[in-house]
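Structure, as structure tokens:
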Amino acid sequence: MSLQKKQKILVAMTGRIDSTIAAYLLKKQGHDVIGIGIVFGRSPSEQEENKSKAEFVGVYQLNDVDSVKKICQQIDIPFYAVDATKKYQARITDQLVGARVGGLLFSPKVHCNKLIFETLIEKMEKLGADAIASGHYSKVIKNLNNGDYNVYVANDVEQDQSYLLSQLNQEQLSKVIFPLAEMRKKEVEKVREMISVKVLPPYNGIKDIMKHPKMVAFVNENISQKLVKEGPIIEYKNDSVMGDHNGIHHFFLGESDLKTKQGTMLDKSLIVSKINYTGGVVYLSYRDDLSYRYVILKNIAYNGVFDLTKPIEVYYQKEEFGKKEKAICYLKNNNTAMLELSEASDGLLFHGQFITLFNRSGLGGKVIGGGEVQNSGLLKDGVLRSLPEKSDDKEDEDGAEQVDIYEFKF
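Here's what the structure looks like:
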């Protein structure tokens, strides 16, 4: 959005370098800047008071509100803390716990970013502000022909966070400012050194919350024990029982370095390839036996208008800061789509994993949508097979899904 005149702008503050410098730059440009800290979960002091409870596991946690307030004082802007715990519980924590118990993946960072900007918009309206901002490395550019706002890759491609923003709607994009869009991380660090502001250290914890070592204890605290599904660990292709487990929520899709309930370590080349909640079965496959060329996406939010009768060339990104890979995208009008890669890729994309689609890779790339993986695999006789075929004549319906490719292509 245009910043030609002085505006009142709310900035999402974490106390770390990017949000701090974003707020400082806006203030330096003459805007009326207000720092907003969004609280999503239990603070360290609350955790101390409830030692019997498992440690809160979440993303973008504002654990030290007082320190963020002091940082805002250093750059001479007011600070407000906003409690969004209930919304976070319903839209992030409950979904995360449900996915873990059900043997699916969930991408909390993507959904939490949407919640962050929704919260800023609500606060913006209450405070009579004109815009919102954050320290994200990304761009928002207005299309002068149709008036639409689009998310683009930031100048610092290595730091780009556009992957996380494909769920933002037009209202949010029309109000958001990314002051670091044209900057490189090194330039941001130089600004911080120049103004001698003290910021909180960068986050160096577990980047994928599904892999958090305290996730199991947190899930146990947030579910009824009636939902805990124990059962066997089975190597899928040969139907070999590798051992038992004491709950499928101890595992996540794609996990390696596995061990049984009895503590036996399994072959490091085995990964969790499927989890059957009903039967309480954890299926394993060897990495070399897994590959995909087709990906079915669901719950897609598009950024723009497309001719659904024609395929489009896209670049898909399957994780934050991940590589963008080329594919053909076949769209449907029920918020589903199919990606067709030029050749098979090793591994699998798992149910619940988030994919962001771009029109090109690298600088100048524009986000055109994003959604969740429903299935991925290889296509054979109209059947999308995610798991390897059995080594004998046993039924293997768990490894295949009937897909009419022509439903997408024509």
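Going by our numbering, the sequence shown opens with residue 1051, and the numbers climb by one from there.
In this text, a Cβ means the ideal position worked out from N, Cα and C, and glycines have one as well.
Please report the distance separating the alpha-carbon of glutamine 1097 from that of leucine 1076. In the sequence shown, residue 1097 corresponds to position 47, counting from 1. In the sequence shown, residue 1076 corresponds to position 26, counting from 1. Confidence in glutamine 1097 is poor, its pLDDT being 49 and thus under 50, which makes the residue's placement unreliable; the coordinate value appears in the next sentence. Approximately 35 angstroms, taken between the alpha carbons.
Go through its chain and collect everything with a Cβ distance to valine 1241's Cβ below 8 angstroms, but skip five positions before and after it. For the purposes of this step, residue 1241 is taken as residue 191 along the sequence shown, with counting starting at 1. The residues are Ile1071, Tyr1074, Leu1075.
Note down the Cα distance separating threonine 1064 from alanine 1134, rounded to an integer number of angstroms. In the sequence shown, residue 1064 corresponds to position 14, counting from 1. In the sequence shown, residue 1134 corresponds to position 84, counting from 1. Cα to Cα, threonine 1064 sits roughly 14 angstroms from alanine 1134.
Classify tyrosine 1253 as buried or exposed, calling it buried when 16 or more other Cβ atoms lie within 10 Å of its own Cβ. For this step, residue 1253 is matched to residue 203 along the sequence shown. By the neighbour-count rule (16 or more Cβ atoms within 10 Å), tyrosine 1253 is not buried but exposed.
Here's the rule: buried if 16 or more other CB atoms are within 10 angstroms of the residue's CB, otherwise exposed. What is aspartate 1206? Looking up residue 1206 in the sequence shown gives position 156. Note on aspartate 1206: 16 or more other CB atoms within 10 angstroms of its CB, so buried under the neighbour-count rule.
Do you know offhand how far phenylalanine 1302's Cα is from valine 1278's? Residue 1302 sits at position 252 when you count from the first residue of the sequence shown. Residue 1278 sits at position 228 when you count from the first residue of the sequence shown. Each residue's Cα considered, the two are about 14 angstroms apart.
Cβ-Cβ separation, alanine 1181 to glutamine 1057 (assumed contact under 8 angstroms), whole Å: Within the sequence shown, numbered from 1, the residue matching residue 1057 stands at position 7. Within the sequence shown, numbered from 1, the residue matching residue 1181 stands at position 131. Taking a contact as a CB-CB distance under 8 angstroms, the pair glutamine 1057 and alanine 1181 counts as one, their CB atoms being some 6 angstroms apart.
Is the beta carbon of valine 1083 sitting closer than 8 angstroms to the one on valine 1061? Locating residue 1083 in the sequence shown gives position 33, counting from the first residue. Locating residue 1061 in the sequence shown gives position 11, counting from the first residue. When the beta-carbon positions are compared, valine 1083 and valine 1061 come within less than 8 angstroms of each other.
In three-state DSSP terms, what is lysine 1077? Indexing the sequence shown from 1 puts residue 1077 at position 27. Reduced to three states, the DSSP call for lysine 1077 is helix.
Apply the 10 Å Cβ neighbour rule to aspartate 1068 and answer buried if 16 or more other Cβ atoms are within range, or exposed otherwise. Numbered from 1 along the sequence shown, position 18 holds the residue referred to as residue 1068. Classification for aspartate 1068: buried.
Which value, in whole angstroms, describes the spacing of the CA atoms of lysine 1120 and isoleucine 1298? Sequence index remark: in the sequence shown, residue 1120 carries index 70 (1-based). Sequence index remark: in the sequence shown, residue 1298 carries index 248 (1-based). If I take the Cα positions, the gap works out to 44 angstroms.
What do you get for glutamate 1422, buried or exposed, if any count of 16 or more other CB atoms within 10 angstroms of its CB means buried? Taking the sequence shown and counting its residues from 1, the one referred to as residue 1422 is at position 372. Buried, since its Cβ has 16 or more Cβ neighbours within 10 Å.
Where do the ends of the beta strand (DSSP E) carrying methionine 1388 lie? In the sequence shown, the residue the question calls residue 1388 occupies position 338. For methionine 1388, the enclosing beta strand (DSSP E) covers residues 1387-1396.
Per-residue DSSP class, three states only, for threonine 1406: Sequence index remark: in the sequence shown, residue 1406 carries index 356 (1-based). It is a strand residue.
When the Cα of phenylalanine 1371 is compared with those of Tyr1286, Arg1141, Lys1440, Ser1212, which residue comes out closest? Indexing the sequence shown from 1 puts residue 1371 at position 321. Cα-wise, what sits closest to phenylalanine 1371 is Ser1212.
In whole angstroms, give me the CA-to-CA distance for asparagine 1196 and glutamate 1390. Within the sequence shown, residue 1196 is the residue found at index 146, counting from 1. Within the sequence shown, residue 1390 is the residue found at index 340, counting from 1. Each residue's Cα considered, the two are about 30 angstroms apart.
Can you tell which of Phe1404, Pro1251, Tyr1333 has its C-alpha closest to the C-alpha of serine 1117? For the purposes of this step, residue 1117 is taken as residue 67 along the sequence shown, with counting starting at 1. It is Pro1251 whose Cα lies nearest to the Cα of serine 1117.
In the structure shown, what three-state DSSP assignment does proline 1282 receive? Counting from one through the sequence shown, the residue named residue 1282 turns up at place 232. Strand.
Determine which residues share a DSSP beta bridge with valine 1291 and list them. Here residue 1291 refers to the residue found at position 241 of the sequence shown. Answer is Ile1284, bridged to valine 1291.
Consult DSSP for lysine 1374 and reduce its assignment to one of helix, strand or coil. In the sequence shown, residue 1374 corresponds to position 324, counting from 1. In this structure, lysine 1374 counts as strand in the three-state DSSP scheme.
Just to confirm, is the Cβ distance from leucine 1407 to glycine 1415 under 8 angstroms? To locate residue 1407, count along the sequence shown from 1; it is residue 357. To locate residue 1415, count along the sequence shown from 1; it is residue 365. No, they are not a contact pair.
For a test of the three-state rule: what should DSSP assign to arginine 1242, helix, strand or coil? As a first step, residue 1242 must be located in the sequence shown, where it is residue number 192. Shown here, arginine 1242 sits in a helix according to DSSP, grouped into three states.
In this structure, does DSSP put glutamine 1111 in helix, strand or coil? Position 61 of the sequence shown, counted from the start, is the residue given in the question as residue 1111. Glutamine 1111 falls in the coil class under three-state DSSP.
Starting from glutamine 1367, follow the beta strand (DSSP E) in both directions and report where the run begins and ends. Reading the sequence shown from its first residue, position 317 is the one you call residue 1367. Run containing glutamine 1367: 1362-1367, per the beta strand (DSSP E) assignment.
Bounding residues of the beta strand (DSSP E) (the contiguous stretch that carries asparagine 1254): Here the question's residue 1254 lines up with position 204 in the sequence shown. Here asparagine 1254 belongs to no beta strand (DSSP E), and DSSP marks it neither H nor E.
Is it the case that the Cβ atoms of isoleucine 1125 and valine 1238 are separated by a distance below 8 angstroms? Locating residue 1125 in the sequence shown gives position 75, where the first residue counts as 1. Locating residue 1238 in the sequence shown gives position 188, where the first residue counts as 1. No, the pair does not count as a contact, with Cβ atoms beyond the cut-off.
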